[in-house]
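If you read the sequences in order, they're chains A and B. Quick note: the first sequence uses our numbering, first residue 1, plus one each step. Quick note: the second sequence uses our numbering, first residue 84, plus one each step. Idealized CB from N, CA, C, for every residue including glycine. Everything numeric in this text was worked out from a predicted model, so none of it was measured. To keep things clear, I will list the structure first and then write my remarks on it.
2 protein chains.
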Amino acid sequence: MLFKARVEIRLKKGIADPEGVNTLKALHLLGFDSVKEVKSVKVFDIFLEGKNEENARRQVEKMCQRLLTNPVIHLYNIEVNKI
Amino acid sequence: MLFKARVEIRLKKGIADPEGVNTLKALHLLGFDSVKEVKSVKVFDIFLEGKNEENARRQVEKMCQRLLTNPVIHLYNIEVNKI
Numbered sequence: 001m002l003f004k005a006r007v008e009i010r011l012k013k014g015i016a017d018p019e020g021v022n023t024l025k026a027l028h029l030l031g032f033d034s035v036k037e038v039k040s041v042k043v044f045d046i047f048l049e050g051k052n053e054e055n056a057r058r059q060v061e062k063m064c065q066r067l068l069t070n071p072v073i074h075l076y077n078i079e080v081n082k083i
Numbered sequence: 084m085l086f087k088a089r090v091e092i093r094l095k096k097g098i099a100d101p102e103g104v105n106t107l108k109a110l111h112l113l114g115f116d117s118v119k120e121v122k123s124v125k126v127f128d129i130f131l132e133g134k135n136e137e138n139a140r141r142q143v144e145k146m147c148q149r150l151l152t153n154p155v156i157h158l159y160n161i162e163v164n165k166i
């Protein structure tokens with residue numbers, strides 16, 4: 001069965017987010033003064049084969065631990081849907 | 084009123100996604116052979132003041148057009164919630 005897993009990777013609280021900070025600065029320079037904060041988030045949409053949803057989720061969990069995320073600075077969550 | 088706008092930026096169909104392709108290759112090298120495709124997506128969570136939801140959405144739409152996205156290669160959608 002084919003699944004689509006969405007992995008959303010955020011920075012932990014207290015970890016610097018230079019991309020977010022610089023995007024905020026650029027928006028202010030363009031006159032968007034109503035913006036208070038910008039946070040950058042990275043998302044991977046992963047299409048994979050799995051025996052069932054639980055199996056697909058376990059595989060993606062391992063991918064996060066081995067490649068996609070850095071546990072020192074990242075939080076992540078995984079959303080799996082059959083397609 | 085304070086709003087949180089989530090801007091999700093994807094590549095248009097047919098536009099090369101080297102980050103996705105290389106992530107797929109790396110996952111295969113690590114033995115995750117069940118993965119068929121990886122698409123990279125960029126997300127900005129923008130916290131802003133607005134008169135109402137419609138006003139906040141219009142502001143974020145303008146930010147997308149002026150800074151956050153490139154209409155040649157990107158598709159985007161905006162989700163606005165009061166916080």
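Span of the alpha helix (DSSP H) around residue i
{"i": "ALA88 of chain B", "result": "ALA88 of chain B -> not in any alpha helix (DSSP H); beta strand (DSSP E) instead, spanning 85 to 94."}
Burial state of residue i (16 or more Cβ within 10 Å)
{"i": "GLN142 of chain B", "result": "buried"}
{"i": "LYS122 of chain B", "result": "buried"}
{"i": "ALA99 of chain B", "result": "exposed"}
{"i": "VAL118 of chain B", "result": "buried"}
{"i": "VAL80 of chain A", "result": "buried"}
{"i": "ILE92 of chain B", "result": "buried"}
{"i": "LEU68 of chain A", "result": "buried"}
For residue i, the three-state DSSP class (helix, strand or coil)
{"i": "ASN138 of chain B", "result": "helix"}
{"i": "ASN153 of chain B", "result": "coil"}
{"i": "LEU29 of chain A", "result": "helix"}
Proximity test, Cβ basis, 8 Å: residue i and chain A
{"i": "GLY133 of chain B", "result": "yes"}
{"i": "ARG149 of chain B", "result": "yes"}
{"i": "ASP100 of chain B", "result": "no"}
{"i": "ILE129 of chain B", "result": "yes"}
{"i": "LEU110 of chain B", "result": "yes"}
Beta carbon proximity, residue i to chain B, threshold 8 Å
{"i": "VAL41 of chain A", "result": "yes"}
{"i": "THR63 of chain A", "result": "Inspection of the sequence shows that residue 63 of chain A is occupied by Met rather than by Thr. True, the Cβ-Cβ gap to chain B drops below 8 Å."}
{"i": "LYS13 of chain A", "result": "no"}
{"i": "THR23 of chain A", "result": "yes"}
{"i": "GLU37 of chain A", "result": "yes"}
{"i": "LEU75 of chain A", "result": "no"}
Opening and closing residue of the beta strand (DSSP E) in which residue i lies
{"i": "SER34 of chain A", "result": "Note, SER34 of chain A: premise wrong, no beta strand (DSSP E); not H, not E."}
Proximity test, residue i beta-carbon vs the ligand NAD heavy atom, cut-off 7 Å
{"i": "LYS62 of chain A", "result": "As far as ligands go, the structure on display features none, and thus does not contain the ligand NAD."}
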